[in-house]
Amino acid sequence: MKFEFIPDSDESEISYQRYHLPRFEFALQKALKYSNGTVAEVGPFAIASNLIKEGKRVDGIGFLSEKVKGVNKFIKFNLESLRETGKPALSGSYDLVIAAEIIEHLNIDLNLIYQQLYELTAPGGILIIQTPNAVALKKRMSNFVGKNPFVMIRS
1 MKFEFIPDSD
11 ESEISYQRYH
21 LPRFEFALQK
31 ALKYSNGTVA
41 EVGPFAIASN
51 LIKEGKRVDG
61 IGFLSEKVKG
71 VNKFIKFNLE
81 SLRETGKPAL
91 SGSYDLVIAA
101 EIIEHLNIDL
111 NLIYQQLYEL
121 TAPGGILIIQ
131 TPNAVALKKR
141 MSNFVGKNPF
151 VMIRS
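Residue 18 in our numbering is what sits at position 18 of the sequence shown, and the numbering runs on without skipping anything.
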């Protein structure tokens with residue numbers, strides 16, 4: 001299956017999906033391989049939208065776009081709220097958890113995010129984390145000329 005844009009996306013959403021297309025396609029192929037049981041996607045649900053088209057039951061965690069149709073169950077949750085508690089707030093037993101293109105947008109300690117994703121994943125389950133390459137040549141060149149390409153994490 002080839003990755004398809006979320007239906008009814010506006011131009012900025014299509015641009016975002018097009019920019020990340022190679023990674024979305026890669027993540028989708030991995031998700032299709034491991035989506036035989038319970039599945040949850042944390043984030044914008046671009047992968048979930050495609051899995052649903054393939055007949056998979058997918059739960060959504062985060063901020064659900066009204067454009068993604070067919071999500072089995074939706075749990076509204078902001079990962080940045082983990083900063084307040086310092087520990088995972090949700091538990092689950094998903095055979096596959098997908099966190100695609102979200103981590104780079106969060107401004108909290110990655111250990112809290114990883115702990116939360118771990119708590120959602122069943123023993124023996126698969127966790128797919130996908131994010132842009134923080135040390136890509138373009139970003140390294142920005143750093144070389146004195147521009148910080150990274151956002152500093154606040155505790």
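All C-beta atoms in this analysis are idealised placements derived from N, C-alpha and C, irrespective of residue type, glycine included.
When beta bridges are read from the DSSP output, L96 appears opposite V39, I126. The three-state reading of DSSP puts F24 in helix, counting H, G and I together. A distance below 7 Å between beta-carbons, with the five flanking residues on each side excluded, links Y94 to the following residues of its chain, in chain order: T38, V39, A40, L120, T121, A122, G125. Note that the C-beta distance between A100 and F24 is below 8 Å.
When DSSP states are grouped into helix, strand and coil, F74 belongs to the strand group.
Residue burial annotation: F3 is buried, with at least 16 other C-beta atoms found within 10 angstroms of its C-beta.
Straight through space, the alpha carbons of K73 and N133 are spaced by roughly 31 Å.
Here the C-alpha atom of D109 lies approximately 22 Å from the C-alpha atom of A136. Sixteen is the threshold: since fewer than 16 other Cβ atoms of the shown chains lie within 10 Å of the Cβ of G86, the residue is exposed. Closest in alpha carbon position to S91, among F77, I128, K138, K69, is F77.
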